[in-house]
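Heads up: the structure comes next, in structure tokens.
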Ligand code: UD2
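This is the structure in structure tokens:
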């Protein structure tokens, strides 16, 4: 007991001792220069993390958007999440959609302690506005309900499929994900916004990583700060008749860079492309972007 308070000890756990001179991964970067861990298979112990997480009684919300034709991706997205996402833990699926009754008609069954919450939102004509306005919609709901319903938010695209474990190892104050197309490339190849007039501008000689727009999250308060910042940066650009080259993704990259924000970075295991096959450093491919006919699905 410390100061009369009962110490909250974790359950006894048995596992191999971490070896200071034998790092579990030597083939990949596992920490950023500002000391944010980069999460790769082999670098963490799920039992320890689950034990800590359960003791705190934290709750997780998974947000996604199924607007217009993207509703077709929702059922397999949630069904695969049921198999691989935070298995055994309570999860609120927050589905932002312009077709609430069609979502109900999908009859998606989720396990005990998990629920689907439908949030009806307007749809925008341009697909670029649909993807960008996610920042505004998430930030609005942070204050309305996320803050009282969950501790952490995971915000992802819907045209995706889970196919291996994604658990509490991803959670941190604020996390971002290495974009699968850029993590081995040089700064000059990063598709940051390069026009100084834009709020998302990043000069050629700056930048740590290129983060994907389709996978970020963290504590509700941090997700609020991130989404609110990106939304207001977009509004400023809109008033000046400029739109960043990769929409929400460009604003997210500048937010992360100039705040040195991600406190944890997810490796491409957490976001891979269906058409890219595999790679030697990927011990697991957990979540993949499905191939889609962009022109068809966005109109
Ligand atoms: C990338 C990013 C995406 C966003 C976008 C910006 C990844 C995996 N994806 O994907 O997050 O930053 O670039 O250009 O990093 N949506 C609808 N209905 C629509 C259009 C979009 O619901 O009509 C939602 C849906 O959840 C979709 C998401 O917005 O998954 C992103 O749109 P996208 O998948 O068309 O964007 P994409 O593939 O260019």
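Numbering (the numbering used here), first residue to last: 718 to 1016. Every residue, glycine too, gets a C-beta built ideally from N, C-alpha and C. In this text the structure is predicted, and so the values were computed from the model without any measurement.
Query	Result
Cβ separation of residue 1019 and residue 883, assumed to be a contact under 8 Å, to the nearest whole Å	Nothing can be reported for residue 1019: it is not among the residues displayed for the chain, which extend from 718 to 1016.
Start-end ranges of the beta strand (DSSP E) lying completely within the region 764-802, minimum 3 residues	777-783
C-alpha distance - residue 791 paired with residue 783, whole-angstrom precision	7 Å
Residue 875 Cβ short of 6 Å to the ligand UD2 heavy atom set	yes
Between the CA atoms of residue 965 and residue 913 - distance to the nearest angstrom	17 Å
For residue 820, the three-state DSSP class (helix, strand or coil)	helix
Unbroken beta strand (DSSP E) run spanning residue 957, endpoints	Note, residue 957: premise wrong, no beta strand (DSSP E); not H, not E.
Inside the region 893-963 only - beta strand (DSSP E) runs reaching at least 3 residues	932-936
Beta-bridge pairing of residue 996 - partner residues as DSSP gives them	According to DSSP, which records beta bridges pairwise, residue 996 is partnered with nothing at all.
Nearest-angstrom Cβ-Cβ length linking residue 777 and residue 875, presumed shorter than 8 Å	Wrong, their Cβ atoms sit about 17 Å apart, outside the cutoff.
Residues that DSSP places opposite residue 754 in a beta bridge	748
Residue 826 classed as buried or exposed, judged by whether at least 16 other C-beta atoms fall within 10 angstroms	exposed
Alpha-carbon to alpha-carbon, residue 925 and residue 904	8 Å
Closest residue to residue 770 among 749, 971, 889 (Cα-Cα distance)	889
Top-ranked residue by Cα proximity to residue 788, from 817, 886, 772	817
Stretch-stretch touch, CB-based, cutoff 8 Å, three pairs: the region 850-865 with the region 943-956	yes
Bridge-paired residues (DSSP) for residue 981	892
DSSP-derived helix/strand/coil call for residue 1016	coil
Neighbour-count burial assignment, residue 744, 16 or more Cβ in a 10 Å radius	exposed
Same chain, Cβ closer than 8 Å to residue 860, neighbours up to 5 away in sequence not counted	941
Closer than 6 Å: residue 949 CB and nearest the ligand UD2 heavy atom	no
Residue 985 vs residue 897 beta-carbon contact at 7 Å	yes
Any non-hydrogen atom of the ligand UD2 within 6 Å of residue 903 CB	no
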